[in-house]
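Novice: Structure in structure tokens, see below.
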Amino acid sequence: MDRQALQNQIIKEALEQGFTDCEVFYLGGESFEVLLMEGEVSNYENSSEGGVSFRGTYEGRTGYAFSERLEEDTITFLIEAAKENAMLMAEEEREELFGGEDYPEFNGYYPELEQVCVEKRIQLAKRMEEAALNGAESVASLDYCVLGIGKREVAIANSLGLNISYTKNFASGYVSAIAKSGDETKKGSAFWKGTNWADFDPEETGRKAARRGAALLGAGTVDSGTYTAVLDGKAMTALLSSFSGVFFAENVQKGFSLLKDKVGEKVAADCITLRDDALLEGGYASVPFDSEGVAGKNKEVIEHGRLKTFLYNLKSAKKDGVRSTGNGFKAGLTAPVKTACTNFYIQKGENSLDELISTMGNGLYVTDFMGLHAGTNAVSGDFSLSAEGFYVENGRIVNPVEQITIAGNFYALLLDVLAVGDDLYYASSGKGSPSVLAKNIAVAGK
Numbered sequence: 167m168d169r170q171a172l173q174n175q176i177i178k179e180a181l182e183q184g185f186t187d188c189e190v191f192y193l194g195g196e197s198f199e200v201l202l203m204e205g206e207v208s209n210y211e212n213s214s215e216g217g218v219s220f221r222g223t224y225e226g227r228t229g230y231a232f233s234e235r236l237e238e239d240t241i242t243f244l245i246e247a248a249k250e251n252a253m254l255m256a257e258e259e260r261e262e263l264f265g266g267e268d269y270p271e272f273n274g275y276y277p278e279l280e281q282v283c284v285e286k287r288i289q290l291a292k293r294m295e296e297a298a299l300n301g302a303e304s305v306a307s308l309d310y311c312v313l314g315i316g317k318r319e320v321a322i323a324n325s326l327g328l329n330i331s332y333t334k335n336f337a338s339g340y341v342s343a344i345a346k347s348g349d350e351t352k353k354g355s356a357f358w359k360g361t362n363w364a365d366f367d368p369e370e371t372g373r374k375a376a377r378r379g380a381a382l383l384g385a386g387t388v389d390s391g392t393y394t395a396v397l398d399g400k401a402m403t404a405l406l407s408s409f410s411g412v413f414f415a416e417n418v419q420k421g422f423s424l425l426k427d428k429v430g431e432k433v434a435a436d437c438i439t440l441r442d443d444a445l446l447e448g449g450y451a452s453v454p455f456d457s458e459g460v461a462g463k464n465k466e467v468i469e470h471g472r473l474k475t476f477l478y479n480l481k482s483a484k485k486d487g488v489r490s491t492g493n494g495f496k497a498g499l500t501a502p503v504k505t506a507c508t509n510f511y512i513q514k515g516e517n518s519l520d521e522l523i524s525t526m527g528n529g530l531y532v533t534d535f536m537g538l539h540a541g542t543n544a545v546s547g548d549f550s551l552s553a554e555g556f557y558v559e560n561g562r563i564v565n566p567v568e569q570i571t572i573a574g575n576f577y578a579l580l581l582d583v584l585a586v587g588d589d590l591y592y593a594s595s596g597k598g599s600p601s602v603l604a605k606n607i608a609v610a611g612k
């Protein structure tokens, strides 16, 4: 059954059967992935999926149901299941629906990505693999080499007249190289994600992974102490991702963030501007609206060190008496709406990475953190993480470093940033950061 027709019919019949309001959320997707091993295709996937979730108010309570079948008999199932679910609610708790607003122009779908034939996609992956294997003499093998294309479609219709949809797609490539010297092995990886094959350089992606792995061979440790350090974009993005929830209004309201009552106050260094931009052109997490139908926006969460806003969904916005910022998202078809980021990043500065390292003089250049799930406290902001990178002396990289632990506090780190680089890095989640130069980095080494 046609998706639009199914949504309309579900709403019509639900209202006829006693629902006072209702909404149908459609989520569909297609994916292509090819995994290489020693020059041969070891895994090939071309899949599609889709389904609808239904929510509506029945006798004062909100009920939910979902189905992966887009057939006419799904209508009765969804309505009856949502009725039963609503009656199981212990208290009357009604979720409000959103009637719509003006929406931005959005072009997230690039048909030319999918017009490249499968054989050419495989050849791109092979070029990336070959470049990684030949990118450094010490590279012995590859841990992973994959290329993929993803497509996502979202459509929301409700009884208030809302009827909106979007389609977006992207391509990605990832390779992990294993460098070896004697009994020592190190991994280096590189990732690309974009909306134009012309922007993908498989050779450079492969070489980058090889260079990163080779550069870490022969790593030692450093004396314990407090250092000035450059955290590269990947490392800083990892921290930002781990602590992004402190900027969610629902967490602030529950006491799970130390930023309560700090809007308008200084919470970071003057050089820090933190954005959540749903409309970033070509952004990994760009959307014209969130899962509640609220239009996507470009927000300054922190502007030159001062906290400007939290991120809101409809429920948390109502509690604070403000408008939603368009950050209410479902993690999947069956998931409830929670606050989530879009393109969430620290705005780049004017200093190159080399300039940051040179300015630092003596210190550490941190390239990666490990143990992020176990080593962070999302409420207090404290972290204690294994790290690797390089020791810097007189503004020059001297040798690779491992077996160190970096401990600190995310809130304090934001205030301790001295300068921001111009090398903005994005993770596949849409979160990103340039390299940053920061003081007071506590390191446990030898």
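The sequence shown finishes on residue 612 if you use my numbering, and the numbering steps up by one all the way, no holes.
A virtual CB, placed ideally from N, CA and C, is assigned to each residue, including glycine.
Nothing here was measured: the structure is a model prediction, and the numbers come from that model.
1) How would you call TYR154, buried or exposed, if buried means at least 16 neighbouring beta carbons within 10 angstroms?
2) To the nearest angstrom, how far is the alpha carbon of THR542 from that of PHE185?
3) Do GLY222 and SER233 have their C-beta atoms closer together than 8 Å?
4) Apart from the five residues just before and just after LYS485, which ones in its own chain have a Cβ nearer than 7 Å to its Cβ?
5) If we count Cβ pairs, one from each stretch, closer than 8 Å, do we get three or more for the stretch 502-510 versus the stretch 364-382?
6) To the nearest angstrom, report how far apart GLY448 and GLY274 are at their CA atoms.
7) Please state whether DSSP places GLN419 in a helix, a strand or coil.
8) Cα-Cα, which of VAL532, GLN173, LEU590 is closest to ASN565?
9) If I'm right that ILE245 touches GLN183 with Cβ under 8 Å, what's the distance once you round it to whole angstroms?
10) Which same chain residues, not among the five before or five after LEU382, have their C-beta less than 6 Å away from its C-beta?
11) For ALA298 and ALA343, which I take to be in contact (beta-carbon distance under 8 Å), what is that distance rounded to the nearest angstrom?
12) Answer with buried or exposed for VAL320, where buried requires no fewer than 16 other C-beta atoms within 10 angstroms of its C-beta.
13) Which runs of the beta strand (DSSP E) spanning at least 3 residues fall entirely within the stretch 462-530, listed in chain order?
14) Check each candidate in GLY459, LEU202, THR333 and name the one with the smallest Cα separation from TYR340.
15) Checking the sheet assignment: what are the DSSP bridge partners for ASN194?
16) Bridge partners for SER331 per DSSP, in chain order?
17) For GLU237, count neighbouring Cβ atoms within 10 angstroms of its own Cβ and tell me buried if that reaches 16, exposed if not.
18) Check PRO277 in the structure and name its three-state DSSP category.
19) When you compare only the Cα positions, how much space is there between ASP168 and GLY498?
20) Please list, in chain order, all residues of the same chain as MET255 whose beta carbon is under 8 Å from its beta carbon, the five residues on each side excluded.
21) Can you list, in chain order, the residues of its chain whose CB lies under 8 Å from that of LEU424, leaving out five sequence neighbours each side?
22) Excluding sequence positions up to five away, which residues of its chain have a Cβ less than 8 Å from the Cβ of THR387?
Specialist: In terms of the structure at hand:
1) This structure does not reach residue 154, given that the chain is present from 167 up to 612, and the question cannot be answered.
2) Your numbering for residue 542 matches position 376 in the sequence shown. Your numbering for residue 185 matches position 19 in the sequence shown. Rounded to the nearest angstrom, the gap between the Cα atoms of THR542 and PHE185 is 44 Å.
3) Position 56 of the sequence shown, counted from the first residue, corresponds to residue 222. Position 67 of the sequence shown, counted from the first residue, corresponds to residue 233. No, they are not a contact pair.
4) Within the sequence shown, the letter at position 319 stands for residue 485. Shown here for LYS485: same chain residues with a beta carbon closer than 7 Å to its own, the five before and five after excluded, namely GLN419 in chain order.
5) By the criterion of at least three beta-carbon pairs nearer than 8 Å, the stretch 502-510 is not in contact with the stretch 364-382.
6) Here residue 448 is taken as the residue at index 282 of the sequence shown, counted from 1. Here residue 274 is taken as the residue at index 108 of the sequence shown, counted from 1. Between the C-alpha atoms of GLY448 and GLY274 there is a straight-line separation of about 7 Å.
7) Along the sequence shown, one-based indexing puts residue 419 at 253. It is helical.
8) For this step, residue 565 is matched to residue 399 along the sequence shown. With distances taken between Cα atoms, ASN565 lies closest to VAL532.
9) One-based indexing of the sequence shown puts residue 245 at position 79. One-based indexing of the sequence shown puts residue 183 at position 17. Contact flag correct, Cβ pair sits at about 6 Å.
10) In the sequence shown, counting from the first residue as 1, residue 382 sits at position 216. If you ignore the 5 residues before and after LEU382, its C-beta comes within less than 6 Å of the C-beta of LYS352, PRO566, all in its own chain and listed in chain order.
11) On the sequence shown, position 132 is the one that residue 298 refers to. On the sequence shown, position 177 is the one that residue 343 refers to. About 5 Å; that satisfies the 8 Å criterion.
12) Here the question's residue 320 lines up with position 154 in the sequence shown. VAL320 comes out buried.
13) List check, beta strand (DSSP E) in window: 464-469, 494-496, 503-505, 509-512.
14) Start at 1 with the first residue of the sequence shown, and residue 340 comes out as number 174. Out of GLY459, LEU202, THR333, LEU202 has the C-alpha closest to the C-alpha of TYR340.
15) Walking along the sequence shown from the start, residue 194 turns up at place 28. In the sequence as displayed, the identity of residue 194 is Gly instead of Asn. Residue pairing by DSSP puts GLY194 in a beta bridge opposite GLY216, GLU319.
16) The count along the sequence shown starts at 1 and reaches residue 331 at position 165. As DSSP reads the structure, SER331 sits in a beta bridge with ALA321.
17) Translated into the one-based positions of the sequence shown, residue 237 becomes position 71. Classification of GLU237: exposed, given that the 10 Å Cβ count is below 16.
18) Counting from one through the sequence shown, the residue named residue 277 turns up at place 111. The answer is helix: DSSP assigns PRO277 an H, G or I state.
19) Taking the first residue of the sequence shown as position 1, residue 168 is located at position 2. Taking the first residue of the sequence shown as position 1, residue 498 is located at position 332. Roughly 21 Å between the two C-alpha positions.
20) What you label residue 255 is simply residue 89 of the sequence shown in a count that begins at 1. Cβ within range, chain order: ARG227, THR228, GLY229.
21) For the purposes of this step, residue 424 is taken as residue 258 along the sequence shown, with counting starting at 1. Correct list, in chain order: VAL412, VAL545, SER546, GLY547, TYR577.
22) Along the sequence shown, read from residue 1 onward, the residue named residue 387 stands at position 221. So the list reads VAL567, GLU568, GLN569, ILE570, GLY611, LYS612, once near-sequence residues are dropped.
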